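Asker:
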Amino acid sequence: MRLRPTCSDAAMRGVCSHLLLAAVLLLGTASGVRADDLADCNGPVADKVEAACSAIIGDTARPVEERTKALSSRARFHIGRGNTDQALSDTEAALQLNPQFVQALIERGYLRQRKGSPDQARADFDRAIELEPKSPFGYLARGNLRADQRAWSDAIADYDQAITLRQDLPAARVGRARAYVETGKPDEALADVNVALAVNPNTPNAFYWRGQAYRRKGDVDHAIEDFSRAIARAPQTERNAYFNRAQLYSAKGDYARAIADFDKLLSFLPDNKEIQQQRQQAVAMQAELAKAGTAAPPPAASAPAAPGAPAARPSRPAAASANQQIEQAKQLIAQRNYAAAVTTLSQVLSGDPRNEAALRLRGMAYSVLGRPADARNDLNELVKLRPNDAQLLAHRAIHVAGMRLFHDAMADADRALALDPNNALAYIGRGMAKAGAGKAQDALADYDRSIALNAKDTLAFTERGLAYVSLNQIDKALLDFDQALALAPTNLLAKSWRGLELLLKGRTDEGMADINAVLERNPGNPTAQLGHALAMLTSAQYDRAVAAFDQIVAKAPNDPFAHVLRARAYLGLKKTDEAMKDLNLVLDARPDYLAALTLRGIAWSAQRNYDKAVADLDRAIAQKESVEAVFARAKAQEALNHTDKAAEDFRKATQLAPASVFDVMAQAESRRKLQEHSRKLPCGSGQSGTCL
Numbered sequence: 126m127r128l129r130p131t132c133s134d135a136a137m138r139g140v141c142s143h144l145l146l147a148a149v150l151l152l153g154t155a156s157g158v159r160a161d162d163l164a165d166c167n168g169p170v171a172d173k174v175e176a177a178c179s180a181i182i183g184d185t186a187r188p189v190e191e192r193t194k195a196l197s198s199r200a201r202f203h204i205g206r207g208n209t210d211q212a213l214s215d216t217e218a219a220l221q222l223n224p225q226f227v228q229a230l231i232e233r234g235y236l237r238q239r240k241g242s243p244d245q246a247r248a249d250f251d252r253a254i255e256l257e258p259k260s261p262f263g264y265l266a267r268g269n270l271r272a273d274q275r276a277w278s279d280a281i282a283d284y285d286q287a288i289t290l291r292q293d294l295p296a297a298r299v300g301r302a303r304a305y306v307e308t309g310k311p312d313e314a315l316a317d318v319n320v321a322l323a324v325n326p327n328t329p330n331a332f333y334w335r336g337q338a339y340r341r342k343g344d345v346d347h348a349i350e351d352f353s354r355a356i357a358r359a360p361q362t363e364r365n366a367y368f369n370r371a372q373l374y375s376a377k378g379d380y381a382r383a384i385a386d387f388d389k390l391l392s393f394l395p396d397n398k399e400i401q402q403q404r405q406q407a408v409a410m411q412a413e414l415a416k417a418g419t420a421a422p423p424p425a426a427s428a429p430a431a432p433g434a435p436a437a438r439p440s441r442p443a444a445a446s447a448n449q450q451i452e453q454a455k456q457l458i459a460q461r462n463y464a465a466a467v468t469t470l471s472q473v474l475s476g477d478p479r480n481e482a483a484l485r486l487r488g489m490a491y492s493v494l495g496r497p498a499d500a501r502n503d504l505n506e507l508v509k510l511r512p513n514d515a516q517l518l519a520h521r522a523i524h525v526a527g528m529r530l531f532h533d534a535m536a537d538a539d540r541a542l543a544l545d546p547n548n549a550l551a552y553i554g555r556g557m558a559k560a561g562a563g564k565a566q567d568a569l570a571d572y573d574r575s576i577a578l579n580a581k582d583t584l585a586f587t588e589r590g591l592a593y594v595s596l597n598q599i600d601k602a603l604l605d606f607d608q609a610l611a612l613a614p615t616n617l618l619a620k621s622w623r624g625l626e627l628l629l630k631g632r633t634d635e636g637m638a639d640i641n642a643v644l645e646r647n648p649g650n651p652t653a654q655l656g657h658a659l660a661m662l663t664s665a666q667y668d669r670a671v672a673a674f675d676q677i678v679a680k681a682p683n684d685p686f687a688h689v690l691r692a693r694a695y696l697g698l699k700k701t702d703e704a705m706k707d708l709n710l711v712l713d714a715r716p717d718y719l720a721a722l723t724l725r726g727i728a729w730s731a732q733r734n735y736d737k738a739v740a741d742l743d744r745a746i747a748q749k750e751s752v753e754a755v756f757a758r759a760k761a762q763e764a765l766n767h768t769d770k771a772a773e774d775f776r777k778a779t780q781l782a783p784a785s786v787f788d789v790m791a792q793a794e795s796r797r798k799l800q801e802h803s804r805k806l807p808c809g810s811g812q813s814g815t816c817l
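Remember, our numbering sits 125 above the position in the sequence shown when you count from 1.
Right, dumping it as structure tokens:
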């Protein structure tokens with residue numbers, strides 16, 4: 126349900142607004158002005174605030190500082206009552222009196238954000254931080270803006286800074302918890318919310334986001350408890366809490382309570398189709414259970430079996446209940462409510478551990494939730510039930526290959542192909558195992574065979590595209606990603622990699638369209654995050670790029686590509702020693718890693734160690750000539766006064782086909798260097814062109 130899209134959504138006044146408003150209202154407690162004549166204006170008695178502040182504002186004999194603070198205080202009064210235009214007018218007046226008044230800048234930024242002008246809001250928050258870099262409130266406000274824009278890594282960075290400056294800032298803790306929930310880190314979210322509630326048990330939104338964190342962990346009962354607490358504190362505004370609680374009640378089979386919550390939501394939003402549809406589903410499931418006679422007392426009410434009595438066989442209604450729960454789980458999966466689906470399916474499997482349908486669905490849900498080990502356990506149980514099912518073995522091969530268990534994947538794929546030599550899925554699994562073991566060229570043969578058997582499988586084209594990426598055959602990779610997306614437009618793996626490769630090709634607009642589309646669906650997608658960081662790098666936002674790559678490297682410390690890209694950002698900042706750390710780390714593990722060799726050659730040149738630069742670049746070029754490597758070697762040769770070698774490399778760099786945006790930039794520089802040499806080395810009277 127899209128009840129929480131942006132803080133400018135007129136239908137939503139709870140989840141985002143509390144986080145945004147916290148930065149503004151907390152500023153009032155930060156103000157040190159408490160003189161007697163300003164007590165009512167800055168005081169807690171709402172009925173006195175407007176009149177007192179207006180009296181101060183209208184008294185032109187008062188100092189400018191007092192009038193400015195009174196305008197800001199009255200703006201907060203209007204913000205608290207939703208009078209956006211009046212509040213904006215007051216902040217504008219305050220900033221006319223004092224353009225550097227940080228409190229008014231943050232208030233105006235918040236109001237601009239509410240009115241749908243995020244760029245103007247960002248400018249106000251940036252200015253506030255520039256004026257008071259040691260104040261947490263500017264970072265809190267900007268973090269809330271970035272969270273509203275779903276720029277989770279940037280939001281977390283701002284919340285981190287706010288919390289560093291003030292540990293007991295509950296709004297920053299809750300804001301960061303929200304970002305952690307959205308990026309699949311429920312444990313970190315729980316830690317933040319618990320701190321916020323310890324500081325202030327009435328922190329807005331804390332119970333809602335703790336409920337979301339519990340929900341992501343599959344802890345339905347604790348999630349319902351926290352959503353109930355959120356509702357108790359704001360029964361007229363906590364629409365998201367009602368909706369989430371209703372879904373969880375449905376997952377537990379408590380349809381009466383689910384319907385009551387949906388009814389409450391419809392009293393707020395009577396025309397909302399999604400609420401209407403989910404209420405109808407809950408009513409239908411309640412009716413089906415009544416027909417099947419499964420609306421029985423809870424298990425605790427049942428009489429215990431007599432000692433020695435045979436186990437009772439499942440009744441028909443119980444079987445019907447299991448089937449209905451499976452159907453309900455399918456609906457939850459269709460709604461992308463995977464945690465609730467896991468809860469429902471676990472209930473089925475607690476009574477029937479060999480239920481194949483439940484095992485298959487729960488394994489899929491675990492996989493989507495990022496719990497690969499649990500998904501594998503379900504696949505293992507299925508294989509025990511069907512040890513000669515080639516298709517099932519192929520599925521497990523693909524799954525364990527994704528877990529980087531390549532030996533196990535190869536064994537499953539080989540077994541599947543022994544049972545069925547024409548199993549297209551098994552060839553994909555074996556190809557993934559080969560590619561993961563560094564045999565991308567061998568993997569291509571398996572992907573080709575899979576596609577020949579079944580040209581409609583988006584995964585086969587996606588994995589072949591990834592193999593081409595590892596072989597640096599970007600154009601072929603893009604063709605495969607295009608085909609994968611033609612077959613399945615929602616294939617996020619193909620879309621994220623296509624976006625990344627388009628960015629590397631210098632096709633920034635196309636690439637960012639893919640990257641942003643993926644991040645909208647899954648903010649934690651690692652390839653899309655890498656693409657977002659790459660866009661910062663190629664637009665020379667080196668500080669932001671380093672911060673983004675730091676987060677990526679922390680999650681995937683063995684990913685050489687992320688280390689190389691971070692090294693590029695460090696070189697852009699002229700932090701050569703830091704770049705060298707990344708490059709040496711990669712090359713210690715993979716001595717022939719082409720991109721790292723090329724970049725280390727460039728880094729050696731930056732340190733004026735040209736002999737080492739040439740040595741690394743020679744090794745890189747021996748593997749594969751690239752415009753960037755040849756151009757970098759030309760510059761090193763030039764620095765060593767090897768003019769002929771430099772001229773030859775500059776010329777070659779202009780003739781090679783560029784494969785990346787870095788090649789494009791290097792080729793442009795090569796042409797400029799050729800022209801420069803042409804002017805320095807005239808060819809003599811009567812000759813045209815250059816001597817190079």
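For glycine and all other residues, C-beta sits at the position ideal for the given N, C-alpha and C. Please read these numbers as outputs of a predicted model, since none were measured by experiment.
1. Who are the near neighbours of E313 in its chain, counting only those whose CB is closer than 7 Å to its CB and skipping five residues on each side?
2. Can you tell me which of the three DSSP states A276 falls into?
3. By how many angstroms is the C-alpha of L644 removed from the C-alpha of L617?
4. To which residues of the same chain is Y374 closer than 6 Å at the C-beta, ignoring the five residues directly before and after it?
5. Return the chain-ordered ranges of every alpha helix (DSSP H) run that is complete within the segment 243-290 and spans a minimum of 4 residues.
6. Identify which residue in Y735, Q732, R725 has its Cα closest to the Cα of A745.
7. V324 to R247, Cα distance in whole Å?
8. Between which two residues does the alpha helix (DSSP H) harbouring L659 extend?
9. At the level of alpha carbons, what is the spacing between T577 and T328?
10. Under three-state DSSP, which class holds L604?
11. By DSSP, does A672 sit in helix, in strand, or in coil?
12. Helix, strand or coil: how does DSSP classify L394 here?
13. Take the Cβ of S664 as the centre, count every other Cβ of all protein chains shown within 10 Å, and call the residue buried at 16 or more, exposed below.
14. Tell me the residue span of the alpha helix (DSSP H) that contains S353.
15. Mapping the DSSP letters down to three states, classify K581 as helix, strand or coil.
16. Please state if the CB of I451 and the CB of A483 are separated by a distance shorter than 8 Å.
17. What does the Cβ neighbour count give for G636, buried or exposed, with the cut at 16 atoms within 10 Å?
18. Please go through the same chain and pick out, in chain order, the residues whose beta-carbon is closer than 6 Å to the beta-carbon of E801, but skip the five residues on each side of it.
19. Between the Cα of Q453 and the Cα atoms of Q406, A412, A611, which residue gives the shortest distance?
20. Leaving out five residues on either side along the sequence, give the residues of the same chain with a beta carbon under 6 Å from the beta carbon of Q608.
21. Have a look at R758 and A568 and give me their C-alpha separation to the nearest angstrom.
22. Looking at the secondary structure, which residues open and close the alpha helix (DSSP H) in which M535 lies?
23. Answer yes or no: do A538 and A519 have a C-beta to C-beta separation smaller than 8 Å?
24. Going along the chain, which residues of its own chain have a beta-carbon closer than 7 Å to the beta-carbon of L517, five neighbours each way excluded?
25. From K760 to A541, what does the alpha carbon distance come to, in whole angstroms?
26. Report all residues from its chain with a CB closer than 6 Å to the CB of R252; omit the five preceding and five following residues, and keep chain order.
27. Spatial neighbours of S278 within its chain, please: C-beta separation below 7 Å, excluding the five flanking residues on both sides.
28. Would D741 pass as a contact of W729 if the rule is Cβ separation under 8 Å?
29. Less than 6 Å between C-beta atoms, sequence neighbours within five positions excluded: which residues of the same chain meet that for Q401?
30. Skipping 5 residues on each side, what residues in its chain have a beta carbon closer than 6 Å to that of A425?
31. What are the boundary residues of the alpha helix (DSSP H) that includes S621?
32. Cα-Cα, which of G697, I181, N448 is closest to A477?
33. Cβ of A331 within 8 Å of Cβ of V318?
34. Taking the alpha carbon of A754 as the point to measure from, which residue in E763, L765, D774 has its own alpha carbon closest?
35. Assign T468 to one of two classes, buried (16 or more other C-beta atoms within 10 Å of its C-beta) or exposed (fewer than that).
36. Look at the Cβ atom of V711, then the Cβ atom of A704, and state whether they are nearer than 8 Å.
Answerer: The short version:
1. Y305
2. coil
3. 9 Å
4. R382, A383
5. 243-256, 261-273, 277-290
6. R725
7. 29 Å
8. 651-663
9. A small correction: the amino acid at residue 577 is Ala; Thr does not occupy that position in the sequence shown. The alpha-carbon atoms of A577 and T328 are separated by roughly 59 Å.
10. helix
11. helix
12. coil
13. exposed
14. 345-358
15. coil
16. yes
17. buried
18. none
19. Q406
20. F586
21. 33 Å
22. 531-544
23. yes
24. L507, V508, R511
25. 54 Å
26. L230
27. Q654, A673, Q676
28. yes
29. none
30. At A425 the pLDDT is 35, less than 50, meaning the model places this residue with poor confidence; the figure from the coordinates comes in the next sentence. Hits under 6 Å: none found.
31. 617-629
32. Note that residue 477 corresponds to Asp in the displayed sequence, not to Ala. Of the listed residues, the one whose Cα sits closest to D477 is N448.
33. yes
34. D774
35. buried
36. no
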